[in-house]
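Structure first, then comments.
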Amino acid sequence: MPMDSLPNGQQSVSLRADVSGEGLLTLTIEGRLDSKTTGKVWREAVQILKRASATRVVVDGSGIDYCDGSGIGLFVELRRRQQQAGSELEIHGLQDEFQHLLDLFDPSEFQGPQIEKAAGFLEEIGQTTVAVWEDARALITFVGELGVALVLALVHPRQVRWKDAFLIAETAGVNALPIIALISFLIGLIMAFQAAIPMRQFGAEIFVANLIGLSMLRELGPLMTAIILAGRSGSAFAAELGTMKVNEEIDALTTMGIDPVQFLVVPRVISAVLMTPLLALFADLLGLIGGAVVLLSLGFPLITYINQVLSAVAFGDLLGGLVKSFVFGILVAGIGCLRGLQTGTGASAVGESTTRAVVTGLLFIIITDGIFSVVYYYLGI
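Position 367 (the sequence shown) corresponds to 1287 in the numbering used here; numbering is contiguous.
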């Protein structure tokens, strides 16, 4: 089966097939195998293999003058197809440099995607249980490592990278102030408008101030701050550490005897712990201002709104919210760093770690907030 000559005076390539009565197929390739000539040979060789269904295939490459990566790809593909069919394929006569290049590739590494059998219901439950258990064990281990690292930072504060901690506090905390202020202001505004509608029926619009004061200081201020930081800063921590993990920078730190938790995680946790309560204070203030705007629009003087808020809330309400925000800061930074350190390999690994950091952070924030609510209820706070 000789092939036609190529244009521009380039050397052609020929493919000849001989089938013996013993199920032996011999493919003889002569000429130049490069990116421009291999395509047609590839298609014809595949068609010959399909039609012949030979138990043994021998490729004679003694007449090949030149072979680049595309030609090597042809040989690898022929080997792969014969392996899938359970047959043998031998390549003879290749020049040493071509044979050496071919030996670098294993056909089994180029298998197409395999369709796995769908797991049964019980199997899926077992797999999910094992995954949750392994994730919980990794979380517990990380909490222990982080606790030891924080104690060492407390005992030896000079070992903490304070310059990086302050820089992270600026990027993850201070730069988040505008979005937190805007959302908190709108939440206070919306809550006040929604609460004023039913309270107007009883002539009790002034008690909207009580609602705004208690809800913002005790619950919504710290909670909304933590949620915003989980989506903004927690994901950033996961992306930063995940990129370092993919680039093997964390492995380099370990090789040099530097603890990644002490070197990378501790400054981020310290920054989050310092900034989250401060941001929660701003969220409380902007939420109260949003409520004040609504009460002013309803005809109440500002001093009346302020006096009503002061009579409804106490210092314990503010302190309880700040304690929540302190714990939320640890959760956001810790979970973000943990997911970053757990990043796998591949192009999508960093994105998966970022998504897991946000989802896990929100889940733990809500669970922790529920625990705080129960504890505060029984303590009468």
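The C-beta atom is built at its ideal place from N, Cα and C for all residues, glycine as well.
Just verifying my parser: in three-state terms, what is the DSSP assignment at residue i?
i: I1148; result: helix
i: E1010; result: strand
i: Q1168; result: Reading off the sequence shown, one finds Glu at residue 1168, where the question assumed Gln. Reduced to three states, the DSSP call for E1168 is coil.
i: D1084; result: helix
i: D1179; result: coil
i: S1245; result: helix
i: D1023; result: coil
i: A937; result: strand
i: V979; result: strand
Counting along the chain, where does the beta strand (DSSP E) carrying residue i start and finish?
i: T948; result: 944 to 953
i: V1270; result: Looking at the DSSP string, V1270 is not in any beta strand (DSSP E); the run it does join, the alpha helix (DSSP H), is 1269 to 1299.
i: R1001; result: Where R1001 is concerned, there is no enclosing beta strand (DSSP E), although the alpha helix (DSSP H) it sits in stretches over 989 to 1005.
From residue i to residue j, what does the alpha carbon distance come to, in whole angstroms?
i: V1063; j: L1042; result: 31 Å
i: R1188; j: T1061; result: 18 Å
i: G1133; j: G1040; result: 52 Å
i: F1292; j: K1244; result: 7 Å
i: A1275; j: V939; result: It is Thr, not Ala, that sits at residue 1275 in the sequence shown. Those two C-alpha atoms are separated by around 57 Å.
i: T1263; j: G1093; result: 24 Å
i: Q1121; j: T1288; result: 36 Å
i: F1086; j: F1202; result: 19 Å
i: V977; j: G959; result: 20 Å
i: D953; j: Y986; result: First, the amino acid is wrong: residue 953 is Leu here, not Asp. Each residue's alpha carbon lies about 6 Å from the other.
i: R1138; j: A1234; result: 10 Å
i: V1193; j: I1209; result: 25 Å
i: I1252; j: L1242; result: The question names Ile, yet the displayed sequence has Val at residue 1252. Cα to Cα, V1252 sits roughly 15 Å from L1242.
i: G989; j: V933; result: 16 Å
i: S1007; j: T975; result: 5 Å
i: V1185; j: L998; result: 51 Å
i: S973; j: A965; result: 12 Å
If we count the other Cβ atoms within 10 Å of its Cβ and call it buried at 16 or more, is residue i buried or exposed?
i: T957; result: buried
i: M1176; result: exposed
i: P1180; result: buried
i: A1146; result: buried
i: Q1114; result: exposed
i: K1165; result: buried
i: Q1002; result: buried
i: S1153; result: buried
i: V1214; result: buried
i: Y1225; result: buried
i: D1237; result: buried
i: L1074; result: exposed
i: R1000; result: buried
i: G983; result: exposed
Which first and last residues belong to the alpha helix (DSSP H) in which residue i is found?
i: S1217; result: 1186 to 1217
i: Q1047; result: 1041 to 1075
i: P1098; result: 1097 to 1120
i: V1229; result: 1222 to 1232
i: K956; result: First-last for K956: undefined, no H or E at that position.
i: A1129; result: 1128 to 1135
Per the contact definition of three or more C-beta pairs closer than 8 Å, is the region 1117 to 1134 in contact with the region 1264 to 1282?
By the Cβ test, the region 1264 to 1282 is not in contact with the region 1117 to 1134, since fewer than three Cβ pairs between them sit closer than 8 Å.
Would the region 1110 to 1126 count as touching the region 1214 to 1226 if we require 3 or more Cβ pairs under 8 Å?
yes
Segment contact, 8 Å Cβ cut-off, at least three pairs: the region 1052 to 1061 with the region 1146 to 1163:
no
Check whether the region 1186 to 1200 and the region 1248 to 1259 are in contact - that is, three or more C-beta pairs closer than 8 Å.
yes
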